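Report on one structure; see the data block that follows.
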Amino acid sequence: MPTTPFDAAARALHSDLVAWRRHLHRHPELAFREVATADFVRERLAELGIEASAPLAGGTGLTALVRGRGDGPTVALRADMDALPIPEDTRADYASTVPGVAHLCGHDAHTAMLLGAATLLRRLPPAYGHVKLLFQPAEEDGGGAEKMIADGALERPAVGAVFALHVDPRFPAGRTGVVVGPAHAAADGLDIEVVGAGGHAAYPHLSVDAVTVAAQVVTALQHVVSRHSDPLAPLVLTIGTIQGGFARNVIAPSVNLSGTVRSFDAELRQGLPGLVERVVQGVVAAHGATARVTYTMGYPATINDPALVPTFDAAAAAVVGADAHAHLAPTMGGEDFAYYAERVPAVIGRLGVRDEARGFVHPLHHPRFDLDEAALPLGAALLAEAARGWLDTQA
Ligand code: NI
742 MPTTPFDAAA RALHSDLVAW RRHLHRHPEL AFREVATADF VRERLAELGI EASAPLAGGT
802 GLTALVRGRG DGPTVALRAD MDALPIPEDT RADYASTVPG VAHLCGHDAH TAMLLGAATL
862 LRRLPPAYGH VKLLFQPAEE DGGGAEKMIA DGALERPAVG AVFALHVDPR FPAGRTGVVV
922 GPAHAAADGL DIEVVGAGGH AAYPHLSVDA VTVAAQVVTA LQHVVSRHSD PLAPLVLTIG
982 TIQGGFARNV IAPSVNLSGT VRSFDAELRQ GLPGLVERVV QGVVAAHGAT ARVTYTMGYP
1042 ATINDPALVP TFDAAAAAVV GADAHAHLAP TMGGEDFAYY AERVPAVIGR LGVRDEARGF
1102 VHPLHHPRFD LDEAALPLGA ALLAEAARGW LDTQA
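The sequence shown lines up with residues 742 to 1136 when you count with my numbering.
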């Protein structure tokens, strides 16, 4: 049974949360273009009498402070607001109205739930300390979190802890989870151009075939994972695209490869660019080709602070019940919440949104992803309760 003071108010907020989420779902915006979304958030905050900050993180991010009754430390709650460049394939009457763009990662729900948490905290302000709301752009592409921090989102007042939720279609509404420690992998980018010398397909000895060399590069890179790194340290190296050549009877002069590298261990991660470079250069040199390797460091691994997880656990237990809350295994998916967690103790938890009966079973980023809105009041209450709980531990 719920034991949070926010329970009744959160249930009463259900229709507002659904309306907000559906409005955002109909009007999705890509990373750093969340202009109407940010305006919508500002309007809802103004209705609550909460003043929003100046535009942050390139113009579409914002923060706002919900003040407690007495002065004290500040805890932050974060929502990401961007949609994905994927056409939606649901028949929902609230489906995206923007061709090729859709909220298929639930960031519409995250934004609505943070507005819900703001409403709850406004009605029942913390006795001691304040709650900062972080509405950030560009989680999917561009690292909006990093830009929010660069623009001072964790300062004035200084934030002592950050909580966030991500919807999770693996679990039904009413269930929550959290990973203790490393939760989301670091996600780095890899681009390789293999350069040979083109020619007639019938005379391979007069050229340097970039296709056969690129094929060996792809295969050899799998040894970075299987032979060169500790099997107990998770590592994924995926080549996602391979492009080159003109015609079946022409030897390709060059081939472009792109991929992603996922890892948790910081030391392992730092060594990978050099190792990848060595493997690629060794393979292409063996065949008289050359290569240009571009290794782009992306989001770091997200580490949920083990000392902060009990506060999240207690909030989840208060909202959904201890039996409906679980500790989860990490995932190799990236999450720019990592940037907050690098600077202050932080925890991002998972909120179940699966609904078998209505066919809401598709994974995040799937064209048919949709979510059970029964989870929205639970998420809003959980965020508010986590903030209240943390401030209590500081009192
Ligand atoms: Ni997401």
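Note that CB positions come from ideal geometry on N, CA and C, so glycine has one too. Quick caveat: nothing in here was measured; it's all calculated off a predicted structure.
Spatially closest choice to glutamate 887 from Gly841, Arg819, Leu861 and Leu855, by CA coordinates: Here residue 887 refers to the residue found at position 146 when the sequence shown is read from its first residue. When only C-alpha atoms are compared, the closest one is Arg819.
If proline 1047 and glycine 922 are in contact, beta carbons under 8 Å, what's the gap, nearest whole angstrom? Looking up residue 1047 in the sequence shown gives position 306. Looking up residue 922 in the sequence shown gives position 181. Distance from proline 1047 to glycine 922 at the Cβ level is roughly 6 Å; contact confirmed, criterion being Cβ atoms closer than 8 Å.
Would you identify the three-state DSSP class for phenylalanine 987, choosing helix, strand or coil? By one-based count along the sequence shown, residue 987 stands at place 246. If DSSP states are grouped into helix, strand and coil, phenylalanine 987 belongs with coil.
Which of helix, strand or coil does DSSP assign to tyrosine 1036? Taking the first residue of the sequence shown as position 1, residue 1036 is located at position 295. Looking at tyrosine 1036 - three-state DSSP - the assignment turns out to be strand.
Taking one C-beta from the segment 1104 to 1115 and one from the segment 912 to 921 each time, how about it: are there three or more such pairs within less than 8 Å? Taking a contact to require three or more Cβ pairs closer than 8 Å, the segment 1104 to 1115 and the segment 912 to 921 qualify as touching.
Flag leucine 1009 as yes when its Cβ comes closer than 7 Å to any non-hydrogen atom of the ligand NI, and as no otherwise. Taking the first residue of the sequence shown as 1, we reach residue 1009 at position 268. No, since every heavy atom of the ligand NI falls outside the 7 Å radius drawn around the Cβ of leucine 1009.
Is it true that the CB of leucine 765 sits closer than 8 Å to the CB of alanine 905? Sequence index remark: in the sequence shown, residue 905 carries index 164 (1-based). Sequence index remark: in the sequence shown, residue 765 carries index 24 (1-based). Not a contact, by the Cβ cut-off of 8 Å.
Assuming histidine 1106 is part of the alpha helix (DSSP H), what are its boundary residues? Within the sequence shown, numbered from 1, the residue matching residue 1106 stands at position 365. No alpha helix (DSSP H) contains histidine 1106, which DSSP labels as neither H nor E.
Quick check: the segment 828 to 842 against the segment 861 to 870, are there 3 or more CB pairs under 8 Å? No, because fewer than three Cβ pairs between the segment 828 to 842 and the segment 861 to 870 fall closer than 8 Å, the two stretches do not touch.
Suppose you measure from the CA of leucine 786 to the CA of histidine 969; what does that come to, to the nearest Å? On the sequence shown, residue 786 is found 45 positions in, with the first residue counted as 1. On the sequence shown, residue 969 is found 228 positions in, with the first residue counted as 1. One C-alpha to the other measures close to 52 Å.
Helix, strand or coil for histidine 1068 per DSSP? Indexing the sequence shown from 1 puts residue 1068 at position 327. Histidine 1068 falls in the strand class under three-state DSSP.
Only counting the same chain, and skipping five residues up and downstream in sequence, which positions put a Cβ closer than 7 Å to that of alanine 951? Taking the sequence shown and counting its residues from 1, one reaches residue 951 at position 210. Here the set comprises Val935, Val936, Gly937, Gly985, Ala993, Pro994, Ser995, Val996 and Ala1030.
Quick one, are the C-beta atoms of alanine 760 and glutamate 770 less than 8 Å apart? Translated into positions along the sequence shown, residue 760 becomes position 19. Translated into positions along the sequence shown, residue 770 becomes position 29. No, the pair does not count as a contact, with Cβ atoms beyond the cut-off.
So, under 8 Å CB-CB, alanine 924 and asparagine 1045 are touching, yes? Tell me the CB distance rounded to an integer number of Å. Residue 924 sits at position 183 when you count from the first residue of the sequence shown. Residue 1045 sits at position 304 when you count from the first residue of the sequence shown. Contact annotation, alanine 924 with asparagine 1045: C-beta distance approximately 5 Å; criterion of less than 8 Å satisfied.
Residue burial classification, arginine 1084 (beta-carbon count within 10 angstroms, cutoff 16): Here residue 1084 corresponds to residue number 343 of the sequence shown, with the count starting at 1. By the C-beta density criterion, arginine 1084 is exposed, having fewer than 16 other C-beta atoms within 10 angstroms.
Is serine 948 helix, strand or coil when you go by DSSP? Counted from its first residue, the sequence shown places residue 948 at position 207. DSSP places serine 948 in coil when its eight states are reduced to three.
8 Å CB neighbourhood of histidine 941 in its chain, flanking five on each side removed: Mapped onto the sequence shown, residue 941 falls at position 200. Setting aside the 5 residues that flank it on each side, histidine 941 is surrounded in the same chain by Leu947, Ser948, Asn990, Val991 and Ile992, each with a C-beta closer than 8 Å to its C-beta; the list follows chain order.
Once you ignore the five residues that flank aspartate 712 on each side, which residues in its own chain have a CB closer than 7 Å to its CB? Summary: the structure shown does not reach residue 712, with the chain confined to residues 742 through 1136, and so no result is reported for it.
Cβ-based neighbour list, glycine 790, same chain, cut-off 8 Å, excluding 5 preceding and 5 following: Position 49 of the sequence shown, counted from the first residue, corresponds to residue 790. Taken in chain order, the residues that qualify are Arg863.
Output the boundary residues of the beta strand (DSSP E) element that contains arginine 1003. Working through the sequence shown from its first residue, we reach residue 1003 at position 262. Here the beta strand (DSSP E) through arginine 1003 covers 995 to 1004.
Quick check: the Cα distance between leucine 1016 and threonine 1037, rounded to an integer number of angstroms? Reading the sequence shown from its first residue, position 275 is the one you call residue 1016. Reading the sequence shown from its first residue, position 296 is the one you call residue 1037. The straight-line gap from Cα to Cα measures roughly 14 Å.
Rounded straight-line distance, which links the Cα of threonine 1035 to that of alanine 928: To locate residue 928, count along the sequence shown from 1; it is residue 187. To locate residue 1035, count along the sequence shown from 1; it is residue 294. Whole-angstrom Cα-Cα distance: 14 Å.
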